[in-house]
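Structure first, then comments.
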Amino acid sequence: MATHLNSFDAIYQVVQLIPQGKVTSYGAIAAYLGMKGGARMVGWAMNASHTLENVPAHRVVNRNGILTGKNFFGGNRMQELLEEEGIQVKEDKIVGFQQHFWDPSIEL
């Protein structure tokens, strides 16, 4: 269990660096952290982060730009948060996903 918590902390540190108006994917975070096949772990960390105000989990989506974690925000809150940052969402998918994509392996 402690390993998961340490991994979650590392994931949260990366997520905290995603700039406003940008998004990344579960897999991009996992690849940056060297967690082979760790996209699911990143998803678990995002699901567990909803009590942490300093972790912008709404900026983490799947590799196709789909808001797969939106149910954990309740209603359309994930979409609303992204739209407040200037990211357009249509049918649960980010419009112009590549323009908004932030890759920690390149940026950090």
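FYI, in the working numbering the residues of the sequence shown are 724 to 831.
Glycine included, every Cβ here is placed at the ideal spot set by N, Cα and C.
Keep in mind it's a predicted model, so treat the numbers as computed, not measured.
- Looking only at W767, Q739, Q822, T774, the smallest Cα-Cα distance to T791 is reached by W767.
- Membership of S828 in the alpha helix (DSSP H) is indicated by the continuous run 827 to 830.
- The C-beta separation of V738 from A780 comes to about 7 Å, placing the pair in contact by the 8 Å criterion.
- In the displayed model, F824 falls within a strand according to three-state DSSP.
- A733 is positioned such that its CB atom lies no closer than 7 Å to that of G750.
- Setting aside the 5 residues that flank it on each side, A754 is surrounded in the same chain by S828, each with a C-beta closer than 7 Å to its C-beta; the list follows chain order.
- If you draw a straight line from the Cα of G797 to the Cα of E806, it is about 16 Å long.
- Looking from the CA of F731, the closest CA among Q811, H823, M769 belongs to M769.
- Taking the Cα positions, V765 is about 7 Å away from I752.
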